[in-house]
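Enquirer:
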Amino acid sequence: MAIAVAGSQVELREVVLRDKPAAMVQASPKATVPVLVLPEGVVIDESLEVMQWALMQSDPEHWLAPDQTAAKALIADNDGPFKHHLDRFKYATRYEDADPEKSSKEHRTAAEPYLLALDDRLRHHPQLMGDTRSLADIAIFPFVRQFANAAGDFMQDDRFSALMRWFDGHVSSDLFVSVMKKYPQWRAGDPGVAFP
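In my numbering, the protein residues as written are 5 to 200.
1. Check whether the Cβ of PHE164 lies closer than 8 Å to any heavy atom of the ligand GTP, and answer yes or no.
2. I'd like to know whether the C-beta atoms of LYS24 and ALA10 end up nearer to each other than 9 Å.
3. Does the count of Cβ pairs from the region 66-86 and the region 133-147 closer than 8 Å reach three?
4. Relative to the alpha-carbon of PHE151, which residue among TYR118, ASP49, ALA75, LEU42 has its alpha-carbon at the smallest distance?
5. Leaving aside the five residues before and after ALA75 along the sequence, list all residues of the same chain whose C-beta is less than 7 Å from its C-beta, in chain order.
6. To the nearest whole angstrom, what separates the beta carbons of ALA166 and LEU126, a pair I think is in contact under 8 Å?
7. How is GLY193 classed by DSSP in three states: helix, strand or coil?
8. If you follow the beta strand (DSSP E) that GLU15 is in, where does it begin and where does it stop?
9. Starting from GLN131, follow its DSSP beta bridges and name the residues at the other end.
10. Measure the CB-CB distance between PHE93 and ARG112 and report whether it falls below 9 Å.
11. Report back the beta-carbon spacing between PRO200 and VAL183 to the nearest angstrom; my notes put them in contact at under 8 Å.
12. Kindly list the residues whose CB is nearer than 7 Å to the CB of ASP91, restricted to its own chain and excluding five residues on each side of it in sequence; keep chain order.
13. Could you check where the alpha helix (DSSP H) with MET168 kicks off and where it finishes?
14. Cβ atoms of MET5 and ILE142: under 9 Å apart, would you say?
15. Rounded to a whole number of angstroms, what is the C-alpha to C-alpha distance between LEU16 and VAL197?
16. Report buried or exposed for HIS128, applying the criterion of at least 16 other Cβ atoms within 10 angstroms of its Cβ.
Encoded structure:
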């Protein structure tokens, strides 16, 4: 989303993580997505860093303008404690010595305070940092989306009404719809796709 907003263009290579291409692993031994390889060979393999790179090229919506200290704190809580519980809620069977049913419920409950804190912020403003979307909104939104998709009716509770209004606004936004296209799996030798 940040790349699209910045008006940057990259060569997209759609990968299937269970069938990782050697070129991806060679570029980033972490072998996770995203991986951005710049023309000078610099590799950026963290989502937040890719977003920041794009916005440093161009930030027409001023996503970097709001209080960056507060934004970084929100993102850190998302990427730390919330993501820990999200992973164990969504993928309980991937963790050793875990009762998937019990573990899933415990981690869903443990994630609630963070979601309620987001909801509280959104009761005062339409976006996390104020009246317009920012880096914090776009960095956090995909994780709330994963949680909401896994939680089903749980997120329809009135306690999350502001959060779900914000979530629904992002899911239905022209920006989100424009970047969430399906692409064929890239294989060595295939040309990349210009994105966006």
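All residues carry an ideal CB built from backbone N, CA and C; glycine is no exception. This one's a predicted model, so the numbers in the text were calculated from it and none came from an experiment.
Expert: Per the coordinate set shown:
1. Ligands in the displayed structure: none, and consequently the ligand GTP is not present.
2. no
3. yes
4. TYR118
5. MET133, SER138, LEU139, ALA140
6. 4 Å
7. In the three-state DSSP reduction, GLY193 falls in the coil class, being neither helix nor strand.
8. 14-16 is the span of the beta strand (DSSP E), which, as asked, contains GLU15.
9. GLY134
10. yes
11. 6 Å
12. none
13. 165-175
14. yes
15. 5 Å
16. exposed
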